[in-house]
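Residue numbers (the numbering used here): 51 to 411. Where is the CB? At the ideal position from N, CA and C, for every residue including glycine. Here's the structure we're looking at; comments come further down.
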Amino acid sequence: MEFGIFSNGFRPHTTAAQTYDEDIYEIVLADQLGFRDAYISEHHGEPPYINRVDTIPMPELLMAKAAGLTKHIRMGAAVRLLHLHHPLDVAVQAAVTEHLLGKGRFIFGFGSGFPSPLFCEERGLSFDDRHARLDESLEFILKCWGSDDIFDWDGEHWQGKGVVALPKPLSGSGLPMATATDSESTIRMSAERGYTLLSAFLESAERLKPKADLYEKYAEAVGISAARRNITASRIVYVADSYDEAVADMREAVTHEISVQAERGFLTMLKNVFNLEVPNDEGAIDVLADARMYLLGDPESVAARIEEFYDAVGGFGTFLIVTGKNWATREKRARSMTRFMEEVAPKLRHLDPGESQVAAA
51 MEFGIFSNGF
61 RPHTTAAQTY
71 DEDIYEIVLA
81 DQLGFRDAYI
91 SEHHGEPPYI
101 NRVDTIPMPE
111 LLMAKAAGLT
121 KHIRMGAAVR
131 LLHLHHPLDV
141 AVQAAVTEHL
151 LGKGRFIFGF
161 GSGFPSPLFC
171 EERGLSFDDR
181 HARLDESLEF
191 ILKCWGSDDI
201 FDWDGEHWQG
211 KGVVALPKPL
221 SGSGLPMATA
231 TDSESTIRMS
241 AERGYTLLSA
251 FLESAERLKP
261 KADLYEKYAE
271 AVGISAARRN
281 ITASRIVYVA
291 DSYDEAVADM
301 REAVTHEISV
311 QAERGFLTML
321 KNVFNLEVPN
331 DEGAIDVLAD
341 ARMYLLGDPE
351 SVAARIEEFY
361 DAVGGFGTFL
371 IVTGKNWATR
381 EKRARSMTRF
391 MEEVAPKLRH
401 LDPGESQVAA
411 A
């Protein structure tokens, strides 16, 4: 198993500059500790966020700064919202980011994100057409990267005349790709093309396993073996001396986040999509921990719960811990990340869904 962080920025408002400094600090620390990947959310402003939450609407800029401060860690958006941006701009920005990071260190992560009509409406775009717009955008982007010729694009949702997309990706057609999706057609496309399948950190094992099974089936149909190694799962993880200490450190920040999320309809989405009822009060963290969406406590307990999740899903290749939150203090967050890599990760490193697949055969 490989490990990474998911910088799912949701810090109480100070200034965006201070928030980005905290995000960068965690990415640099993750690099030093040996995490392989750092995925960064693309979060846009919403009315409940005003003067309450700082956002990162351009994750590539955060990666560009982190590029000069890190040595090994791979970075990508989780996810780039393709339906909101012109494909030519996305293609060029991604290519520039990869050149700044260096070959093999950039992952092009894409998806449709949280289903808020606002993001489309404020750009004059149709919310109902977002998935079709995303699908067409991906093909436009791939042509930008793969064609040395000037071309026109006259699609149903996107247009471009005399397109010159420079620079091209440093990795050429080998640029790593990743997506988060619930669509079977996109799962199939991702499996057949070898894209990483990303999972939401509040996605239950019961919901993720059928998607992982589909991904594996479609990958095997085109001759890709051990496909579950290309599935990335995530959870909120906080390592402390005890469960009670972890909850005490996190309760205030989690309660603040839940209060904002309730205003934007996120708790309703959790109930309708994930069948998870989370109260808008201080008890939210207890519910989320009981549901194993938050894995908290001492290293042995956290490792056991991750392995339990792994078994229930049927295996995955990479596990991300969520960062980008203002739990407790910077020092305590850093200690939790450090203890995870020093005391939890070694207990899980041996897990390999590819070996399980061979044994089952």
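Judged by DSSP in its simplified three-state form, Met227 adopts strand. In this structure, DSSP gives Gly154 a state outside helix and strand, which the three-state scheme calls coil. Taking a 10 Å sphere around the C-beta of Gly54, we find 16 or more other C-beta atoms and assign the residue as buried. Runs of beta strand (DSSP E) with 3 or more residues, each lying fully within the region 227-264, are found at 227-230 and 246-248, listed in chain order. Counting only runs of 3 or more residues that sit fully inside the region 305-367, the beta strand (DSSP E) segments are 344-347, in chain order.
The beta carbons of Ala145 and Pro217 sit closer together than 8 Å.
Ranked by Cα distance from Ser166, the first of Leu138, Ser221, Ala230 and Pro97 is Pro97. Linking Tyr268 to His94 through their CA atoms gives a straight-line distance of about 33 Å. Ranked by how close their Cα comes to the Cα of Asp185, the residues His133, Val328 and Ser223 have His133 in first place. By the Cβ rule, the region 339-351 does not count as touching the region 270-283, because fewer than three pairs are nearer than 8 Å.
For Phe190, the three-state secondary structure derived from DSSP is helix. Ala88: not part of any alpha helix (DSSP H); member of the beta strand (DSSP E) spanning Asp87 to Ile90, first to last residue. Remark: C-beta atoms of Leu151 and Ala128 do not approach each other more closely than 8 Å. Residue pairing by DSSP places Ile286 opposite Tyr344 in a beta bridge. In the DSSP assignment, Met113 falls within the unbroken alpha helix (DSSP H) covering Pro109 to Ala117. Counting every other CB atom within 10 Å of its CB across the protein chains shown gives Ala88 a total of 16 or more, marking it as buried.
Inter-segment contact for the region 321-334 and the region 250-266 is present: three or more beta-carbon pairs are separated by less than 8 Å.
Taken through DSSP and simplified to helix, strand or coil, Thr379 comes out as coil. Per DSSP, reduced to three states, the secondary structure at Phe164 is coil, with no helix or strand assignment. With contacts defined by Cβ atoms closer than 8 Å, Leu320 and Ala283 do not form a contacting pair.
Distance from the CA of His63 to the CA of Ala395, rounded to the nearest whole angstrom, comes to 32 Å.
In terms of Cα proximity to Glu52, the closest of Leu370, Arg380 and Ala384 is Leu370. Taking all protein chains in view, the Cβ of Ile200 is surrounded by fewer than 16 other Cβ atoms within 10 Å, so the residue is classified as exposed. If you draw a straight line from the Cα of Gly84 to the Cα of Ser292, it is about 24 Å long. Taken through DSSP and simplified to helix, strand or coil, Met51 comes out as coil. For Asp204, the uninterrupted beta strand (DSSP E) segment begins and ends at Phe201 to Asp204.
Spanning the alpha carbons of Arg301 and Ala339 requires a straight line of approximately 11 Å. The secondary-structure analysis by DSSP pairs Gln209 across a beta bridge with Asp204. Inter-residue distance for Phe390 and Trp208 is about 44 Å (C-alpha atoms, whole angstroms). Secondary structure of Leu184 (DSSP, three-state): helix.
Only buried fits Leu317, as 16 or more other CB atoms lie within 10 angstroms of its CB. The three-state reading of DSSP puts Thr147 in helix, counting H, G and I together.
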